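Novice: In my numbering, the protein residues as written are 41 to 1195.
#1: Considering only the beta carbon of each residue, do residue 1012 and residue 524 sit closer than 8 Å?
#2: Decide if residue 354 is buried, meaning its Cβ has at least 16 other Cβ atoms within 10 Å, or exposed.
#3: Measuring CB to CB, does residue 921 end up less than 8 Å from residue 604?
#4: Residue 598 to residue 1109, Cα distance in whole Å?
#5: For residue 483, count neighbouring C-beta atoms within 10 Å of its own C-beta (all shown protein chains included) and say buried if the count is 16 or more, exposed if not.
#6: By DSSP, does residue 1024 sit in helix, in strand, or in coil?
#7: I'd like to confirm the pairing. Which residues does DSSP put opposite residue 1135 in its beta bridges?
#8: For residue 53, which residues of its own chain have a beta-carbon under 7 Å away from its beta-carbon, when the five flanking residues on both sides are left out?
#9: Kindly indicate the opening and closing residues of the alpha helix (DSSP H) around residue 525.
#10: In chain order, what are the residue ranges of uninterrupted beta strand (DSSP E) at least 3 long that sit wholly in the segment 887-939?
#11: Kindly indicate which three-state DSSP category residue 1073 falls into: helix, strand or coil?
#12: Need the endpoints of the beta strand (DSSP E) that residue 960 sits in, please.
#13: Please report the straight-line C-alpha distance between residue 325 and residue 347, rounded to a whole angstrom.
#14: Cα separation between residue 1020 and residue 1069?
#15: If you follow the beta strand (DSSP E) that residue 1048 is in, where does it begin and where does it stop?
#16: Is residue 530 closer than 8 Å to residue 999 when the C-beta atoms are compared?
#17: Residue range of the beta strand (DSSP E) that residue 992 falls in?
#18: Where does residue 549 sit, in a helix, a strand or coil, going by DSSP?
#19: Report yes or no: do three or more beta-carbon pairs, one from the segment 539-556 and one from the segment 968-979, lie closer than 8 Å?
#20: How big is the Cα-Cα spacing for residue 386 and residue 1045?
#21: Could I get the ranges of all uninterrupted alpha helix (DSSP H) runs contained in the segment 406-456, with 4 residues as the minimum, in chain order?
#22: Straight-line CA distance for residue 640 to residue 668?
#23: If you count every other CB in all the chains shown that lies within 10 Å of the CB of residue 363, and 16 or more means buried, which is it?
#24: What would DSSP say about residue 504, mapped onto helix, strand or coil?
#25: Please determine, among 671, 662, 980 and 453, the residue with the shortest C-alpha to C-alpha distance to residue 593.
#26: What does residue 1167 pair with, by DSSP beta-bridge criteria?
#27: Out of 736, 709 and 711, which has the shortest C-alpha to C-alpha gap to residue 721?
#28: From residue 499 to residue 429, what does the alpha carbon distance come to, in whole angstroms?
#29: In the structure shown, what three-state DSSP assignment does residue 834 receive?
#30: Which residue marks the beginning of the alpha helix (DSSP H) containing residue 1213, and which one marks its end?
#31: Going by alpha carbons, who is nearest to residue 372 out of 454, 1112 and 342?
#32: Locate the beta strand (DSSP E) running through residue 1091, then write down its first and last residues.
#33: Count the CB pairs spanning the segment 536-550 and the segment 906-921 that are closer than 8 Å, and state whether there are at least three.
#34: Return the residue from the list 107, 903 and 134 that minimises the CA-CA distance to residue 121.
#35: Closer than 7 Å: is that where the CB of residue 123 sits relative to any heavy atom of the ligand GTP?
#36: For the beta strand (DSSP E) containing residue 975, name the first residue and the last one.
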């Protein structure tokens, strides 16, 4: 075989080698497209970079190649060259996305490579500009955001936020927009702009998924609150939870938001919902209560309180206090009180203590109040008013000793407290522990004027009127206290018989100007005037008081004083004025009786009769009125025969001894001698010593066929005549007119014939004897009795044989004529003579009420006795009666006064007038006070409005204060009263009187004011001798006392006293009594034949002090020498106004001139 020669390079081998070389070259030298892949060179070297640069120079518009070169340069740290490579791309209008991304990355690297300084800040500014350019590129917003996100690490937040906001509007995907908004909101919040963050997120609420919406809203709420917009946060919350049925956390959050937003309605709604869901949750109820109280909704607060009351264990002290306050504010003090008490007992709170005390006192829960105050006193937390309140509570429970003990302790803690001292003093006075009250005041280092008045009052109550009067010997600077002192001093002087003091006070009041006198003093002056029978002044004062006050009682008093003064014309004018200014005056029986007296005086018989009838229709059971009317008809018996018969029959029903004369003489005038004789005999029981009655009875016996008995009575009268102190002329007149001729001739035979040196009385008797001798036919004897041929005897001679009726008559002649005509009324005469004689006798009867009385009165005022000695005179004429008195007063001691009141004088003047159905009186008195005199005035008016009803009123100005001996001297009392009486039938009388009282010091300082009330019922068992009545009465006096006595009053006291030591703050008594009497001893008129006597017993219970009280009075008066009376009487009472006993003794001698 042929062997071929081997070739080294064969064709296949060459092909293969070529392929291998090409592959190697391909692998070693890639194509340009490879370099365009940005991921191709992870670790570029210089050769690659150079190759890339060659490629780029050959294809400068190749963006991938440029990017690859830039990355390679950047990777190798050639940042600036890489920036230069990227510059052409970045200069384009639209930069490729990948190029912009790498450019930003490159710029970031360059930024981090620059140290801190201006260059770095400039680079940041450039990067921000590049980022802004990125935002303007037409990339997808998501891509822009992706590219911008690394910039957040080197850009400031405001710049980064600006970039994001620039992208926001380009976002179309809701989810992406939401995410961008969240990012923007985060940045805004980081910039302390939570409000803007909330505003950024708010539009995306509806785009959030439902399951994430609550959280999204909560975030916005948080941002709104952080931005200071709680109202928007609340609105979002309500938008989030529109349903009112919210969960517990939601309610809590809502309440918080409502509170921050100031939405009270939402807060209230949610607080209420939460509290309603949890009624047992104390905290929730407490929160609701606080909100309700802040809103002022007390009713709703009360409902919340009710819930809290169901969980007492969880309540704090503040809760209990709030509960108590809410209960009070809802006007439930009775429920609030136990809460306050419990709170006080648990905490000792001062507020709880005070509220408990106030509520207990206001609710009158004395036991609770007593418990609280007692505990407070033990803890020494009471002030003076607390001790006073405790004492009042104890007094209300009847524990007087405990009240006294606590007040004493309070005094020891607060020795300078005047209110404590006054309350203790008041308690002592009310307990009738007057010695302790006196000691309390006497131990005071200095007494005010009011204290001195109080001390004087206590002296008076403890039967030390002299000390009281001595203590009132000062003049307070305060006018009211001065007036009180003066009135009290006058009362003391009056009770002690110190007329000198009364007269001094009377003169003192008279000396004052009208502007210095209060109404009280003016009325006291009026009373003093009446007391001293200064009727003209009393009349003047009454007129002045009426003009000043316009009160009808003063007008009635004017009428009574005019009647007493006999001012008939003025009285008539006053009655017209009375009727004009008070139309109801025509309903007053006294008005008509005064009218009747005026008509009677004017001889207007029919008019007088009509007036009496009008008065009787108003007061059909008024015996005195019927007696006066009967006397009028008796004077005109023929004219009024029928009506007189009926009138006498009515009087005849249940007559008193005062009616016996008109019955006897009336039936005699009517030609009914046996009935007349019956009444004469009835009158013999009481008038057996009355000469006139004996002679009148004798005449009637003689007419009825009993001459022997008539003669016996005349002889008995003759014996009385011999004992009678009347003048011989009077006795002789009786002898001659009664047919006692033997006695008449014996008188004539013993009378001297010579008339030389005769006094007027002797001449009158001589003339009477001459007339008697002439009537007996012995003219020689008559001539012998008138031997002196003067003008007077010549005239007598001419009238011998005629009826002697001198004109004008003097008072003595009127008296003689009055006595003779009383005897002649039953003698046979013509009807005309009978009428004239009767009318004239009645007129004389009305004008002959005269009396003079001297005597002494010892009056125990409490702490001492006042003796009043003096003289009183009374004169009556027509409808008027004047009374004047003058007394000296002497105190037996000083009581609590600093000195014994000196002997003083007291005067008074009083005028009374009774006309028709009305009566008035006015009095003015000078009352001695302590070291001064006062003028006291009083006026009273009574009107009989109907046959069963009578009304009255009066005012006493500056009268004495009877509460205590010291008040009697140191105070003045003004008393205004109104009274009413009702007589269902003749034996029963019901009377009520209400008084307004004002007590002043002698310096007119007001010490007290108040009222008094009297209710009385009187039943007459027997009207005949002895008369017997029983009575029941109720007395209540309430005074509001001044805190302290004025200095002037205290200056008159020997120790400081409270006002309650002088005056009785409260006096209440109920009692019954009985009285037997025959006439009225000490009376200034002859009520019944001598002897006159009375006996009275009474018993009562003083409610204000819870003590029993008894009293007894007895009196006796008898004829001594003739028409006179010696009388003595006494009265004792176990308790007066001040709680002390009272004793009084009177001794008087009275003569009745001209009767």
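Think of the CB as a built atom: it goes at the ideal place given N, C-alpha and C, for glycine as much as any other residue.
Note that this is a predicted model, so its numbers are computed, not measured.
Specialist: For this structure:
#1: Yes, they are a contact pair.
#2: It counts as exposed.
#3: Yes, Cβ-Cβ distance for residue 921 and residue 604 is below 8 Å.
#4: Their backbone Cα atoms lie some 35 Å apart in a straight line.
#5: Answer is exposed; the Cβ neighbour count stays below 16.
#6: Three-state result, residue 1024: strand.
#7: Bridge partners of residue 1135: 1116 and 1154.
#8: Result list for residue 53: empty, nothing under 7 Å.
#9: Counting along the chain, the alpha helix (DSSP H) containing residue 525 begins and ends at 519-535.
#10: The segment 887-939 contains, as complete beta strand (DSSP E) runs of 3+ residues, the segments 890-900, 905-917 and 920-931 (chain order).
#11: Residue 1073 falls in the strand class under three-state DSSP.
#12: Here the beta strand (DSSP E) through residue 960 covers 958-969.
#13: Their Cα atoms are separated by approximately 8 Å.
#14: Going from the Cα of residue 1020 to the Cα of residue 1069 covers about 20 Å.
#15: Residue 1048 -> beta strand (DSSP E) spans 1046-1062.
#16: A contact, by the Cβ cut-off of 8 Å.
#17: DSSP places residue 992 inside the beta strand (DSSP E), whose first and last residues are 989-999.
#18: Note: residue 549 maps to helix in three-state DSSP.
#19: In this structure the segment 539-556 lies against the segment 968-979, because at least three pairs of beta carbons, one per stretch, are closer than 8 Å.
#20: Distance between the alpha carbons of residue 386 and residue 1045 is about 49 Å.
#21: For the segment 406-456, the continuous alpha helix (DSSP H) assignments of 4+ residues that do not extend past its boundaries occur at 406-418, 424-436 and 440-453, in sequence order.
#22: Our two residues, residue 640 and residue 668, have alpha carbons roughly 11 Å apart in a direct line.
#23: By the neighbour-count criterion, in which a residue is buried when 16 or more other Cβ atoms sit within 10 angstroms of its Cβ, residue 363 is buried.
#24: Note: residue 504 maps to coil in three-state DSSP.
#25: For the residues 671, 662, 980 and 453, the minimum Cα distance to residue 593 belongs to 980.
#26: Paired residue(s): 1157 and 1188.
#27: When 736, 709 and 711 are compared, the shortest CA-CA separation from residue 721 is found for 736.
#28: A straight line joining the alpha-carbon of residue 499 with that of residue 429 spans about 28 Å.
#29: With a pLDDT of only 49 at residue 834, under the threshold of 50, the placement of this residue in the model should not be trusted; the figure read from the coordinates follows. Correct three-state label for residue 834: helix.
#30: Because residue 1213 is not part of the residues shown, which for the chain are 41 to 1195, the question remains open.
#31: Answer by Cα proximity: 342.
#32: Counting along the chain, residue 1091 sits inside no beta strand (DSSP E); it lies in the alpha helix (DSSP H) bounded by residues 1087-1091.
#33: In short, these stretches touch, since the Cβ pair count reaches three.
#34: With distances taken between Cα atoms, residue 121 lies closest to 107.
#35: Looking at this structure, you won't find the ligand GTP or any other ligand, since it has none at all.
#36: Counting along the chain, the beta strand (DSSP E) containing residue 975 begins and ends at 972-984.
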